[in-house]
Structures are given as structure tokens and as C-alpha cells.
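Engineer: One structure is given below, represented as C-alpha cells, and several questions about it will come after.
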Amino acid sequence: MPKRSYGKHFVIVTVIVVIAAIITIIGLGSIRWMSAPASTQAHSVDSLLGIELVAIGFLFALVMVFMLYSLVAFRRRDNEETDGDYFEGHTKLEITWTVLPLITVLALSVLGARGLAQATSAKADEMTVHVTAFSWGWKFAYPDLGIDASPTLYLPVDQHILLQMNSVDTDVIHDFWVPEFRVKQDLVPGVPTQLRITPNKIGEYTVICDELCGTGHTNMQAPIQVVSSGDFDAWIAAQQPSTDPAEMVKLGGELAASQGCAACHNVTGDPGGIGPTWKGLLGHEVKMTDGTTVTADEAYITDSIIHPLAQIVEGYQPIMPGSYGEVLTDQQIAYIVAYIKSLQ
Ligand code: CUA
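Quick note on our numbering: the sequence shown kicks off at 3 and runs consecutively.
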């Protein structure tokens with residue numbers, strides 16, 4: 003039996019592939035994958051993603067149209083008993099489907115390498131911020147500005163930032179990720195890492211830990227404020243230590259929320275929390291698992307923050323992270339104690 007001609011089928015399939023590819027690419031392009039970019043490093047990431055979506059849309063259309071078309075056009079009709087045509091190799095086709103993907107992948111790797119080089123290259127006038135990760139939170143220090151610990155990452159807009167990152171943990175990896183900045187970086191125990199960002203849009207963002215790191219992983223977030231240089235200077239001025247009692251209580255409350263304390267210690271007096279309630283804690287007689295009784299004075303509360311596992315309150319598990327003594331400054335611990343004192 004002479005082989006059938008497939009020219010007509012190829013013309014039809016080509017037309018359908020083109021139409022299906024255009025529809026798929028427009029569909030993929032209309033999805034909001036991520037929030038709007040807010041750093042100069044985001045540009046190369048987003049343009050590469052755009053190119054990849056076009057390639058993905060085309061390949062999807064190519065595979066699906068060929069498959070579905072073949073299912074319909076070459077199905078077995080009634081009374082059709084013979085086998086289909088037999089093809090043995092097609093050198094030109096095989097060279098084409100080897101060389102084209104090779105060129106595409108090489109081109110994408112060059113674009114990716116260029117984007118990575120741009121995003122990681124050192125810039126003039128960088129401002130250094132130290133990022134410390136702990137289980138489960140973040141703290142930020144500005145060594146050139148005399149700010150030792152901030153629970154919020156304040157950044158002036160259009161300023162090149164060098165983030166120098168360390169983890170106080172010894173057992174888990176955290177990952178610094180701000181979706182709007184696009185770039186991300188792991189924090190590995192014992193290995194200092196760094197990340198460069200140039201925020202170019204004033205706004206509020208969130209640092210998200212993007213490495214599964216334990217029970218507190220989903221809460222391991224920290225706020226970011228990208229502000230004008232004037233607002234940034236005002237924030238620096240406001241970072242001087244406070245001795246005003248009302249201000250200390252307010253700062254302590256903010257720290258309790260941002261450092262994860264509030265996840266386990268409620269302020270409602272409910273005894274059923276993961277950790278003891280803070281309401282009415284000061285002056286309260288606390289019974290320990292070792293049978294002793296302690297009066298919860300300021301020294302006891304301070305010591306419990308720094309050495310949480312030294313003594314465990316009866317009825318609770320020894321699960322509080324022991325890193326707060328390293329993570330918080332003495333000043334910040336004083337704010338938190340002032341806040342707990344206020345909860346009578
Ligand atoms: Cu730290 Cu997830």
C-alpha cells in the first residue's frame with residue numbers, strides 16, 4: 003500500500019499550534035504570578051520569566067495539539083483493519099529537535115547568568131545591614147548607624163543595600179525572601195551569606211522565611227518599610243534608647259508581637275496557652291516542675307527570657323527557643339519586661 007501524504011495534516015496542525023500557542027501565552031501572561039516588583043534586581047528576573055512563559059506556552063501548544071489532533075485525525079474507523087504507516091527515523095527532524103532546544107537552553111542560561119551577575123555585583127555607596135535569623139524570627143542591625151537591633155527592616159528608597167546574613171541557629175537553614183524584591187538568599191549555620199537589594203518603591207513589604215525550618219516556620223516573618231531618605235533619617239533619630247515608662251511598654255509590646263513571644267504567651271490570663279500567660283505574671287508565685295516555687299519578679303522574668311530552659315513552669319513543655327539572649331539586646335529585653343509588668 004503506498005504511504006499516504008501528510009502535507010495537509012502538517013499545514014492544519016501548524017495553524018492550530020500557532021493559534022493555541024498565542025492563546026496559551028496570552029493566558030499565562032494575564033495571570034498575576036507575584037506582586038508588583040519593588041527592586042532594581044527584579045527587572046532581570048521578571049524579563050527572564052516572561053521569556054520562559056513564551057517558551058512554555060509554545061511547547062505546551064506543540065505537544066497538546068499534535069497529540070489531540072492525532073487522536074482525532076488518525077483514529078481507527080469502522081472496518082479499518084490495517085496497521086498505520088511505518089516510519090523508520092527522520093534525520094532532519096531529529097537534528098532539528100536536538101539543535102533548537104540546545105540553542106534555547108544555552109540562550110536562557112546566558113540570560114540567567116547575566117541577570118545573576120547584575121543582581122549580585124557590588125555597587126557604589128552601599129549601606130550595610132546585618133540580618134540575623136533565629137528560630138523563629140529576624141533581627142536587623144545597622145553597624146554604621148549605631149542601631150544594634152531592629153525587628154523591622156527599614157530601608158531608604160533607591161539606596162543600594164548590602165545585607166550580610168548570619169543565623170544563630172546550629173541545626174536549621176532559614177531563607178531570606180521578599181517576593182517584591184524577587185531575589186532570595188539562604189542563611190546557613192556557620193556560613194555568612196550576603197544579598198544585594200536596591201528597593202525602588204516606597205511601601206510596606208514582608209520578609210518571609212522560605213526554607214522549612216521547624217514548627218515556627220510559617221510565622222517567621224518580619225516587616226519591611228521602604229521609606230524616603232527623610233523618613234529614614236527620622237527613624238534613625240527615633241532609635242535612641244528610651245527610658246520613658248509608657249514608651250518602654252509600647253516598644254515592649256511591639257517586640258512581643260514581632261519576635262514571636264505572642265505566639266505562645268497570651269495576655270488575656272488564659273492558662274491554656276503554649277507558654278504561661280503574661281497577664282498578672284509580675285509578683286505571681288510560680289510553681290516549677292522541680293517542685294520549687296519562685297516569685298516572678300523582674301529578675302526572674304529577665305532570666306527566663308535569656309535562659310528559658312533553666313527552670314520549667316509546671317504544666318508546660320520545655321520548648322521556648324534559647325536564642326533570645328543573643329537575638330535581643332539588653333535594652334529590648336528591658337522593654338519586654340516593662341511590657342509584661344504593665345499587664346496587671
Ligand atoms: Cu526559618 Cu522557615
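The C-beta atom is built at its ideal place from N, Cα and C for all residues, glycine as well.
I149 by DSSP, collapsed to three states: which one?
Structural biologist: On the sequence shown, position 147 is the one that residue 149 refers to. If DSSP states are grouped into helix, strand and coil, I149 belongs with the strands.
Engineer: Within 10 Å of its beta-carbon, does L73 have 16 or more other beta-carbons around it, so buried, or fewer, so exposed?
Structural biologist: Your numbering for residue 73 matches position 71 in the sequence shown. Exposed is the call here.
Engineer: Contact defined as beta carbons within less than 8 Å: I believe T172 pairs with P191. What is the distance between those atoms, to the nearest angstrom?
Structural biologist: Mapped onto the sequence shown, residue 172 falls at position 170. Mapped onto the sequence shown, residue 191 falls at position 189. About 5 Å separates the two Cβ atoms, so the contact holds.
Engineer: For the ligand CUA, any of its heavy atoms closer than 7 Å to the Cβ of H45?
Structural biologist: Within the sequence shown, residue 45 is the residue found at index 43, counting from 1. No, the ligand CUA has no heavy atom inside 7 Å of this Cβ.
Engineer: Consult DSSP for T16 and reduce its assignment to one of helix, strand or coil.
Structural biologist: Within the sequence shown, residue 16 is the residue found at index 14, counting from 1. Correct three-state label for T16: helix.
Engineer: If you count every other CB in all the chains shown that lies within 10 Å of the CB of E328, and 16 or more means buried, which is it?
Structural biologist: On the sequence shown, residue 328 is found 326 positions in, with the first residue counted as 1. Answer is exposed; the Cβ neighbour count stays below 16.
Engineer: Rounded to whole angstroms, what's the CA-CA distance from P181 to E300? Just pull it up for me.
Structural biologist: Working through the sequence shown from its first residue, we reach residue 181 at position 179. Working through the sequence shown from its first residue, we reach residue 300 at position 298. Answer to the nearest angstrom: the Cα atoms are 40 Å apart.
Engineer: Say the cut is 7 Å; is the CB of H286 nearer than that to a heavy atom of the ligand CUA?
Structural biologist: For the purposes of this step, residue 286 is taken as residue 284 along the sequence shown, with counting starting at 1. Outside the cutoff, so no.
Engineer: Going by DSSP in three states, E316 sits in which element: helix, strand or coil?
Structural biologist: Against the sequence shown, residue 316 aligns to sequence position 314. Reduced to three states, the DSSP call for E316 is coil.
Engineer: Helix, strand or coil for A336? Go by DSSP, reduced to three states.
Structural biologist: Taking the sequence shown and counting its residues from 1, the one referred to as residue 336 is at position 334. A336: helix per DSSP, three-state reduction.
Engineer: Within its chain, find whatever has a CB closer than 8 Å to the CB of V15; leave out the 5 residues flanking it on each side and keep chain order.
Structural biologist: In the sequence shown, the residue the question calls residue 15 occupies position 13. The residues are V67, F68 and Y71.
Engineer: Please report the straight-line C-alpha distance between T347 and S46, rounded to a whole angstrom.
Structural biologist: Residue 347 is absent from the structure shown; the chain starts at 3 and stops at 346.
Engineer: To the nearest angstrom, report how far apart M3 and E82 are at their CA atoms.
Structural biologist: For the purposes of this step, residue 3 is taken as the residue at position 1 of the sequence shown. For the purposes of this step, residue 82 is taken as the residue at position 80 of the sequence shown. For M3, the predicted structure reports a pLDDT of 48, less than 50, and the residue's modelled location is therefore unreliable. A value from the coordinates is still provided. Cα to Cα, the separation comes out at about 14 Å.
Engineer: I want to know whether the region 56-66 touches the region 16-35 - three or more CB-CB distances under 8 Å.
Structural biologist: Touching, yes, given that three or more Cβ pairs across the two stretches are closer than 8 Å.
Engineer: Along the chain, where does the beta strand (DSSP E) that runs through T245 open and close?
Structural biologist: Along the sequence shown, read from residue 1 onward, the residue named residue 245 stands at position 243. Here T245 belongs to no beta strand (DSSP E), and DSSP marks it neither H nor E.
Engineer: Closer than 7 Å by C-beta to Q348: which residues in its own chain qualify, once you throw out the five before and the five after it? Chain order, please.
Structural biologist: Because the chain is modelled from 3 through 346, residue 348 falls outside the range shown and cannot be assessed.
Engineer: Can you tell me whether W138 sits near the ligand CUA, meaning its C-beta is under 7 Å from at least one heavy atom of the ligand?
Structural biologist: Taking the sequence shown and counting its residues from 1, the one referred to as residue 138 is at position 136. Correct: W138 has its Cβ closer than 7 Å to the ligand CUA.
Engineer: In the DSSP assignment, the alpha helix (DSSP H) including K186 goes from what residue to what residue?
Structural biologist: As a first step, residue 186 must be located in the sequence shown, where it is residue number 184. Counting along the chain, K186 falls outside any alpha helix (DSSP H), though it belongs to the beta strand (DSSP E) covering K186 to L189.
Engineer: Taking the runs of the alpha helix (DSSP H) that are 4 residues or longer, which of them lie wholly in the region 234-281?
Structural biologist: Counting whole runs of 4 or more residues, the region 234-281 contains the alpha helix (DSSP H) stretches 247-260 and 263-266.
Engineer: Got a sec: does the ligand CUA put a non-hydrogen atom nearer than 7 Å to the Cβ of L214?
Structural biologist: As a working note, residue 214 is residue 212 in the sequence shown. Within the cutoff, so yes.
Engineer: Indicate the three-state DSSP secondary structure (helix, strand or coil) for R198 in the structure shown.
Structural biologist: On the sequence shown, residue 198 is found 196 positions in, with the first residue counted as 1. Here R198 sits in strand by DSSP.
Engineer: Between the C-alpha atoms of D233 and A239, what's the straight-line distance to the nearest angstrom?
Structural biologist: Residue numbering aside, residue 233 sits at position 231 when the sequence shown is read from its first letter. Residue numbering aside, residue 239 sits at position 237 when the sequence shown is read from its first letter. The alpha-carbon atoms of D233 and A239 are separated by roughly 10 Å.
Engineer: To the nearest angstrom, how far is it from the Cα of D48 to the Cα of D127?
Structural biologist: In the sequence shown, counting from the first residue as 1, residue 48 sits at position 46. In the sequence shown, counting from the first residue as 1, residue 127 sits at position 125. Cα to Cα, D48 sits roughly 26 Å from D127.
Engineer: Would you check if the region 279-290 and the region 142-159 touch, i.e. whether three or more CB-CB distances between them fall below 8 Å?
Structural biologist: No: fewer than three Cβ pairs fall under 8 Å.
Engineer: Return the residue from the list T294, P278 and G282 that minimises the CA-CA distance to Y318.
Structural biologist: Here residue 318 corresponds to residue number 316 of the sequence shown, with the count starting at 1. Comparing Cα positions, the closest option is P278.
Engineer: Which partner residues of V228 appear in the DSSP bridge assignment?
Structural biologist: Start at 1 with the first residue of the sequence shown, and residue 228 comes out as number 226. DSSP, once it has assigned bridges, lists L157 and G205 as partnering V228.
Engineer: According to DSSP, is M3 part of a helix, a strand, or is it coil?
Structural biologist: Locating residue 3 in the sequence shown gives position 1, where the first residue counts as 1. Only weak support is given to the placement of M3: the predicted model assigns it a pLDDT of 48, under 50, and the question is left unresolved by the model.
Engineer: Would you please state the rounded distance, in angstroms, between the beta carbons of A22 and V228? I believe it to be under 8 Å.
Structural biologist: Residue 22 sits at position 20 when you count from the first residue of the sequence shown. Residue 228 sits at position 226 when you count from the first residue of the sequence shown. Contact flag wrong, Cβ pair sits at about 41 Å.
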